[in-house]
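The next block holds one structure in the form of structure tokens; read it before the comments.
Residue numbers (our numbering), protein chains in the order written: chain A, 1 to 715; chain B, 1 to 563.
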């Protein structure tokens, strides 16, 4: 037994905002949760706050990036010019105002999405105070500004110091307050060597002294990159977003064509149209709803990850997350609780379970490892043995667990009777019993093998008293699968995602846990090379692979995976190699990342479908309004029986503008996502956004028309 | 039997006949395009044209083959018409050389598988042009269409290669192994029905009313069969399939739509076979079939239902329809011909009710994909499927993919270019024609003289002409005198651009798809072989087309139909 877990972080104390199937999350994380999820909810006040930004975005050089909205802006300019030539025409002015509002609403959506990131960036900037670094020059120390540090410099940090830049601890161990970037107040341990060596500039050393080797240039540190990312400054359009933009641009061209060619047709029909009406028709037809919200959806998708303390280095990675078909999950901490727990006391022939429990409890009192604690807990829960404290027992000589002896126990002397109990790895205990001339029960060997085969870890319990030294029984230690994991993997399977458990355990143990957890496959006795080979094999089959990792030896696999989530506790190499960093270092979050990726794509698809379906109603409003004079028969198309031609056109334009504002919250929050099969998801979303998109504008335009007709002097 | 019941029974018979040959023909075509053997006659042809039929081509090479072959065909056909005046009388029937603009228009029309005819067959084209020029293009332009569709299918079926097969092999096989054998059988059936097949000259016969009439002979049955089978549509005679020599009786009137529809529908089976999943083919078939049946039902309804005592007494809108075929047979024919790129007519679309005319227009505006022209229908439908997958596929939370190929930036760019071409040509040229026409009383403008009828119907005629040209249909709305330099040239351009520009994008798309590695299907993949997807595809097609042409349709057939 070698539970060398130096982490002070409870694997369950991470904030998992959406759902925590593990159940018993500690209370402090539940609070943190509420604080973060609140960021995902749309605040109407944000609209007002973002107004100046929205106005700044009216610059045509900015607008051209969204071809659809650029066309609307050009249309607005034209109608403004026309309205100015005929200032008495209320209709021209009304259309002009609403066209400008359409552009403004689109900018507002983007500004609101960006605004949320800005607030976060400001918090981060506070962490980026100018620090003075204590650079080591040979053995001497010199004070230099943090901005002067170069890669490879060694700096010293002691309790109370702010770490001046990103780097790896090369000497010492310290507890560090990383709340500046993670929002998590519990300190974490950072130590040289191993997988917990990375420190981030701007965090604070709370105890001890460490020497840090700087690994990034000033200005390119983790906090700098984080600020850029959340502000959207480094945001590039993702492949799918570009493709969608192309489709929207081509639809815009089609409608531009339909409207431009309409004028000669109209002249022939002796129903020449004004430019204002044509501009209104064009704006109503081109996919403004999705065009206006597309970039907000992308920003909000990244933002949703940030809310969950995950930093995606590129939007591409977020999109790829939605496409992932294989998830590589580390067993420890992701699937199981991270340490083995006692599940059963099995007596050898001639002993009773109660005897084993008693001896096991006594021998574990001095064992502070999680396994040792779990033995005490099991003895109490199953056999009602009250926990005894070290001071309670007289003449007790405690033998604590060490990695060398691989056993723990106690030597007691009660009423002159000496009793020695030990528990530990079977080899050590057998040796201990034999040393004392005792006997090892024949079935002890068989029991340990049975437990091993079932995927558990056997610990032997031995006693030496007046009768002599002998083995009493076996403690069955089990990896405890987190609650709700099986359900979660079932969901993933329905979504078409295969889960592979990665573990260092032997194949037997791995198989047992894999079956219990319900993962699709497992990789036992996994080396970094095995992991890499598995990823390449999956990718060769065209699959996208996601994984988490923290160690330097994970780095190649993290880089190879399509979605590589590095734990913030991990090494700098791992963080460099992955395309996402989880500040909470919670491997289970990979599943949420996949869901966020999917949600992002679904939101885009839903609003595109909605936007296109909307056009049907707009035609039924505008075409009769334009041509019912020339061809009275076309009035039959006015199925909404709109009040007057002008009110019909104006209602369509107003609806077109207002629907953008109405959908901003949806764009920012993302459409509701539940894991289900592609078929049921398509059916549901088509019904909601396809049929909904067809019907909603008929109702909306009619209502607006009714309101307009109430205004005196119109129509 | 009431005319309505007769119409429905005819549709049912057609449906059953198509269903019977669907699998064998589809499987046969799949075997033809994946076979490694060459027939002796094929080897001889390859030697003549100096092609190596086993050399794999990447998309630019395939495209060069398509364009070079079509350009040569265009030139030869143009020269043949221009030289008609100097041919011996046995070959020219004494007709003069065709004027340059009309010769260009006709050459473009037949090479582009459109068969728009601004000439009148029996008064302009002799045996040589008809049989050596037009009939030959009827075969090969159809084979080119199928070849391009097969190249796109290979793009889906293959991975990690840019190779799309060999154009020359696909062209020759399509002609030799598919079109010619079916045409031979079909021609015999038509002759049995009463279509003529000879090289006789012009007969002058006396009419009942005392005048005389010239009646041409010709190799009509052989040209008729490929006119339908290759979704060409260029009639031997001006009256096209309303002419008794081309379409003698009710049986031939049902057999001809069968020939029109049989290859485009069966190609969906070929597609399913070649991509290794016949159910994917069935989904495309269902989409095409749904639109075809829906349009036919609507057409019958609007034509039978037409109000007015005279029309009701006739059992529907009989104006412009043959007594031999009635409303039902004519409706079936009109829908089949406009939902494919055929354009053969057995009745005059101009005389249909306002809505009926609108249905023929809308059929073409869909891009002729239900089931569409031979080959062009399939690739047009697959491009629409890509668009549908892209829009709706996002809603399952994955980057859209179709048949295991990701629809990324490059693919959507090419598909978007494809769907932009025909609306640009149709609306652009129509607007130009209307703008140049000015008011109908303008006299100096050539185009204006063409617009004989005024109002919404007159507009429909021009819209129909360019819709028919750009979509390679070739049927005419009648009423419009299109034999003017303006229309000959612009419609000629619309036909060529409407045929070959889409092929450029289709082949580029095929190349791009073939290079991808396939994405394995999982439970999270949008399943494109399900009824839900077929329904979605129908919706996307109708909405995209509807939105594009709604204003134009409103000012034409809708204004007429709703008045």
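Just so you know, even glycine gets a beta-carbon here, dropped at the ideal spot from N, CA and C.
My assumption, with CB atoms under 8 Å, is that residue i sits in contact with residue j. Please give the rounded CB distance.
i: residue 577(A); j: residue 555(A); result: 4 Å
i: residue 97(B); j: residue 81(B); result: 7 Å
i: residue 257(A); j: residue 497(A); result: Incorrect: roughly 42 Å between the Cβ atoms, too far for contact.
i: residue 216(A); j: residue 151(A); result: 7 Å
i: residue 130(B); j: residue 110(B); result: About 11 Å separates the two Cβ atoms, so there is no contact after all.
i: residue 204(B); j: residue 214(B); result: 6 Å
i: residue 411(B); j: residue 513(B); result: 7 Å
i: residue 587(A); j: residue 329(A); result: 7 Å
i: residue 363(B); j: residue 145(B); result: The Cβ separation is near 18 Å, so there is no contact.
i: residue 206(A); j: residue 176(A); result: 6 Å
i: residue 566(A); j: residue 549(A); result: 6 Å
i: residue 396(A); j: residue 410(A); result: 5 Å
Since residue i sits in a beta bridge, which residues does DSSP pair it with?
i: residue 473(A); result: 347(A), 461(A)
i: residue 522(A); result: 501(A)
i: residue 406(B); result: 401(B)
i: residue 244(A); result: None, per the DSSP bridge assignment.
i: residue 549(A); result: 566(A)
i: residue 408(A); result: 423(A)
i: residue 154(A); result: 213(A)
i: residue 685(A); result: Residue 685(A) is not bridged to any residue.
Does any residue of chain B bring its CB to less than 8 Å from the CB of residue i?
i: residue 638(A); result: no
i: residue 494(A); result: yes
i: residue 580(A); result: no
i: residue 608(A); result: yes
i: residue 319(A); result: yes
i: residue 265(A); result: yes
i: residue 542(A); result: yes
i: residue 598(A); result: yes
i: residue 701(A); result: no
i: residue 547(A); result: no
i: residue 257(A); result: yes
Is the Cβ of residue i closer than 8 Å to any Cβ of chain A?
i: residue 397(B); result: yes
i: residue 219(B); result: no
i: residue 558(B); result: yes
i: residue 8(B); result: no
i: residue 531(B); result: no
i: residue 441(B); result: Residue confidence is low: residue 441(B) scores 35 on pLDDT, short of 50, so the model does not pin down where it sits. Its coordinate-derived value is still stated next. No, its Cβ sits nowhere closer than 8 Å to a Cβ of chain A.
i: residue 538(B); result: no
i: residue 456(B); result: yes
Could you tell me which of the options sits nearest to residue i, measuring between CA atoms?
i: residue 685(A); options: 487(B), 378(B), 396(B); result: 396(B)
i: residue 599(A); options: 393(B), 545(B), 462(B); result: 393(B)
i: residue 494(A); options: 468(A), 368(A), 680(A), 136(A); result: 680(A)
i: residue 564(B); options: 222(B), 66(B), 542(B), 370(B); result: Because residue 564(B) is not part of the residues shown, which for chain B are 1 to 563, the question remains open.
i: residue 390(B); options: 414(B), 145(B), 376(B); result: 414(B)
i: residue 77(A); options: 65(A), 58(A), 62(A); result: 58(A)
i: residue 218(B); options: 178(B), 140(B), 132(B); result: 132(B)
i: residue 553(B); options: 430(B), 259(B), 497(B), 500(B); result: 430(B)
i: residue 522(B); options: 553(A), 676(A), 518(A); result: 676(A)
i: residue 541(B); options: 371(B), 265(B), 13(B); result: 371(B)
i: residue 509(B); options: 353(B), 155(B), 116(B); result: 155(B)
At 4 residues or longer, and completely inside the segment 187-265 of chain B: list those alpha helix (DSSP H) runs for me, N to C. Runs of the alpha helix (DSSP H) inside the segment 187-265 of chain B: 220-229.
What are the uninterrupted segments assigned as alpha helix (DSSP H) that are 4 or more residues long and contained completely in the segment 90-119 of chain B, given in chain order? Fully enclosed alpha helix (DSSP H) runs of 4 or longer: 100-111.
Hey, which unbroken runs of the alpha helix (DSSP H) at 4 residues or more fall wholly within the segment 52-99 of chain A? As summarised for the segment 52-99 of chain A, the continuous alpha helix (DSSP H) elements at least 4 residues long and confined to that stretch are 60-63, 67-85, given in chain order.
Taking only runs that begin and end inside the segment 548-628 of chain A, name each unbroken alpha helix (DSSP H) of 4 or more residues, in chain order. The segment 548-628 of chain A contains, as complete alpha helix (DSSP H) runs of 4+ residues, the segments 555-560, 572-577, 589-627 (chain order).
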